[in-house]
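One structure below.
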Amino acid sequence: MIELQNIDFRYPAVGGFGIHIPRLSIPAGECVAVVGPSGSGKTTLLGLLAGILAPAQGAISIDDTDLGALDDGQRRRFRIQHIGQVFQAFELLHYLTVVENVMLPHFIHASGSDRKEVRQRALELLSDVDLGAKAGSWPGELSQGEQQRVAVCRAMLNQPTLLLADEPTGNLDQANKQNVVDLLLDQARRNHSTLLMVTHDQSLLESFSTVLDIQSVVTVTTLHGTEAA
Numbered sequence: 000m001i002e003l004q005n006i007d008f009r010y011p012a013v014g015g016f017g018i019h020i021p022r023l024s025i026p027a028g029e030c031v032a033v034v035g036p037s038g039s040g041k042t043t044l045l046g047l048l049a050g051i052l053a054p055a056q057g058a059i060s061i062d063d064t065d066l067g068a069l070d071d072g073q074r075r076r077f078r079i080q081h082i083g084q085v086f087q088a089f090e091l092l093h094y095l096t097v098v099e100n101v102m103l104p105h106f107i108h109a110s111g112s113d114r115k116e117v118r119q120r121a122l123e124l125l126s127d128v129d130l131g132a133k134a135g136s137w138p139g140e141l142s143q144g145e146q147q148r149v150a151v152c153r154a155m156l157n158q159p160t161l162l163l164a165d166e167p168t169g170n171l172d173q174a175n176k177q178n179v180v181d182l183l184l185d186q187a188r189r190n191h192s193t194l195l196m197v198t199h200d201q202s203l204l205e206s207f208s209t210v211l212d213i214q215s216v217v218t219v220t221t222l223h224g225t226e227a228a
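Counting along the sequence shown from 1, when you hit position 113 you're at 112 in numbering that gives the first Met the number 0, and nothing is skipped either side.
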């Protein structure tokens with residue numbers, strides 16, 4: 000489902016930091032925890048998979064779609080339609096209600112869907128995470144755990160093929176951390192999505208079918224040469 004071959008990527012203005020991935024393959028439907036020290040390329044990997052970052056060399060395929068064959072606009076549409084993203088910073092828009100925040104991917108790219116149907120799906124997702132009664136609330140009226148649940152619902156709105164979560168539990172207490180992980184895993188399984196979640200929290204790893212040590216597949220380089228492998 001996910002295939003990376005001979006990837007080279009370098010940030011132009013971050014001390015020459017870059018990564019090389021000879022090969023990485025992740026089967027469809029796999030739930031993967033991505034671990035490794037800071038600066039080892041975890042967030043960069045998610046950016047490449049989301050099509051936000053483009054490698055200088057190599058091929059990235061998601062569900063038989065070659066990201067390198069898409070232009071910027073096509074990659075953006077593919078990301079909105081097929082990839083859900085959850086971040087440590089909840090990134091909810093304060094001027095939209097909870098249900099409107101969940102519907103945000105539809106507002107950005109409607110793709111012919113009926114708005115009433117999209118709203119109904121958003122409400123069903125919120126109900127699934129016990130937030131149905133707060134659909135009309137503002138993000139600032141929610142707890143941190145509730146805001147992160149809204150962010151997960153937003154990522155799942157379009158039933159994505161691939162769900163990417165970058166330290167989504169970093170701002171939460173331990174109970175809410177496990178709740179969010181359980182929610183991500185449950186939504187991924189319901190929608191037959193592949194899940195990659197970056198985490199530093201060792202206590203969460205037993206929930207995942209696969210743990211990927213980023214250092215086993217990525218070589219980090221700087222302008223001064225290889226730093227880690």
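For glycine and all other residues, C-beta sits at the position ideal for the given N, C-alpha and C.
Assignment of beta-bridge partners to Thr193 by DSSP yields Leu161.
In this structure, Gly144 is the residue among Gly144, Pro21, Cys152 with its C-alpha nearest to the C-alpha of Asn170. If you draw a straight line from the Cα of Leu103 to the Cα of Arg189, it comes to about 21 angstroms. Burial state of Ser192 is buried, judged by a 10 Å Cβ sphere holding 16 or more other Cβ atoms. According to the DSSP assignment, His81 belongs to the alpha helix (DSSP H) that extends over 71-81.
Shown here, Ala174 sits in a helix according to DSSP, grouped into three states. Cβ neighbours of Asp181 within its own chain (closer than 8 angstroms, five residues either side excluded): Ser206. Burial check for Asp165: the Cβ neighbour count within 10 Å reaches 16 or more, so the residue is buried.
Taking Ala55 as reference, the option from Val31, Ser24, Phe86, Arg9 with the minimal CA-CA separation is Arg9. For Gln214, the closest alpha carbon among the candidates Gly139, Gln4, Ile18, Glu29 is that of Ile18.
For the stretch 29-116, the full-length alpha helix (DSSP H) segments reaching 4 residues or more read 41-48, 71-81, 97-101, 103-107 along the chain.
Residue state for Ser126 is assigned as helix, using DSSP reduced to three classes.
Cα atoms of Gln147 and Asp62: separation of roughly 27 angstroms, rounded to the nearest angstrom. The straight-line gap separating the alpha-carbon atoms of Leu195 and Cys152 is approximately 16 angstroms.
Exclusion of the five residues before and after Asp212 leaves Val34, Gly35 as the residues of its chain whose Cβ lies within less than 8 angstroms of its Cβ. Comparing alpha carbon positions, the residue from Val31, Glu29, Gly28, Ile20 closest to Ser39 is Ile20. Of His81, Ala68, Asp70, the smallest CA-CA separation from Ala187 is found for His81. By the 16-neighbour rule on beta-carbons within 10 angstroms, His105 is buried. For Ser24, the beta-bridge partners assigned by DSSP are Glu2.
If you draw a straight line from the Cα of Leu3 to the Cα of Ala132, it comes to about 42 angstroms. Per DSSP, the beta bridge partners of Gly17 are Arg9, Thr220. In the DSSP assignment, Asp200 falls outside any beta strand (DSSP E) and carries neither an H nor an E.
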